[in-house]
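Just so you know, the numbering used here puts the end of the sequence shown at 74, numbered straight through with nothing missing.
Glycine is no exception: its CB is placed at the ideal position from the N, C-alpha and C atoms.
The block underneath contains the structure these notes are about, expressed in structure tokens.
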Amino acid sequence: MTSGRIAATSPLRHGYFRLELEDGTAYETTVVGPPPPVGAEVHIRRTLLGTTFFDIKGWSPITVRLSRRQ
């Protein structure tokens, strides 16, 4: 999957968040900051070194790691 919509956000400790997509796949942020809004369209980008980014229109890229695959 290379894109999707955020279905839910859940706060974790120390300012991190779990972001669940509509297909049930969950990612955890690896940088502290506010969560993107529920319903936001995301493009999932993975670098050659294995870093995963969420690209959201109007936001800086958010670094995430896969938490649960549906």
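Checklist entry - In the structure shown, what three-state DSSP assignment does residue 19 receive? => result Helix at residue 19.
Checklist entry - Helix, strand or coil: which one does DSSP assign to residue 62? => result Residue 62 carries a coil assignment under DSSP once its states are collapsed to helix, strand and coil.
Item to check | Where the beta strand (DSSP E) containing residue 33 begins and where it ends | outcome: Per DSSP, the unbroken beta strand (DSSP E) holding residue 33 starts and ends at 30–33.
Checklist entry - Who are the near neighbours of residue 73 in its chain, counting only those whose CB is closer than 7 angstroms to its CB and skipping five residues on each side? => result Within the same chain, residue 73 has close Cβ partners 29.
Next on the checklist: Using only the alpha-carbon positions, how far apart do residue 76 and residue 32 sit?
Outcome noted: The structure shown has nothing for residue 76, since the chain only spans 5 to 74.
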